[in-house]
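Residue numbers (the working numbering): 20 to 205.
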């Protein structure tokens, strides 16, 4: 028989796990700073519109690692909040993916071949949270979807998103809010 835990116990456990993984973040930095410390690794990310400007393999790997950590954090927080993510994540460290289950083309009423059984069998599109070759479009869209997941969690707890180009700042605000005593006592 599975033992039920109270929200307070789950919250305290999440904080303990967060401190083990992400370190103690008692020093607050300005919210507009786009860096985050996870496991002693200072994560900084260029806005996803500038992903094509990476100059070396190390920068590409560093970005992929940062996005893998962000995806893992989002997955853990969604699990803690018991919120199914709109865009499911496939965690794989620096080679993580995000899925979009929405069809890429909307059927028209005149499309006779489209029916509800086909729409139920639409295969989700998978987007890499890392640069794959020279095509940055899929990776940029994956980062956009990841931020949409963060926005979903922010909306769930009643916090406004900082916008589509602020993945780390949105995650930082989400983590700060979920760890706050006000949230825990609500």
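Positions of the beta carbon are idealized from the N, C-alpha and C atoms, including for glycine.
Values in this document were obtained by computation on a predicted structure and should not be read as measured data.
Residue range of the beta strand (DSSP E) that includes residue i
i: residue 145; result: 144–147
Contacts around residue i, its chain only, beta-carbon distance under 8 Å, and the 5 residues preceding and following it disregarded
i: residue 151; result: 157 and 158
i: residue 100; result: 172, 175, 176 and 197
i: residue 75; result: none
For residue i, the three-state DSSP class (helix, strand or coil)
i: residue 117; result: strand
i: residue 187; result: helix
i: residue 33; result: helix
i: residue 110; result: coil
i: residue 105; result: coil
i: residue 15; result: Any answer about residue 15 is impossible in this case: the structure gives the chain only from 20 up to 205.
CB-CB length for residue i against residue j, believed under 8 Å
i: residue 104; j: residue 97; result: 5 Å
i: residue 149; j: residue 83; result: 4 Å
Same chain, Cβ closer than 6 Å to residue i, five either side skipped, listed in chain order
i: residue 146; result: 117, 157, 160 and 161
i: residue 107; result: 118
i: residue 33; result: 99
Boundaries (first-last residue) of the alpha helix (DSSP H) holding residue i
i: residue 157; result: 156–175
i: residue 82; result: 76–100
i: residue 151; result: Element bounds for residue 151: n/a, residue is neither H nor E.
i: residue 200; result: 200–203
Where residue i falls, given that 16 or more other Cβ within 10 Å makes a residue buried
i: residue 170; result: buried
i: residue 194; result: buried
i: residue 121; result: exposed
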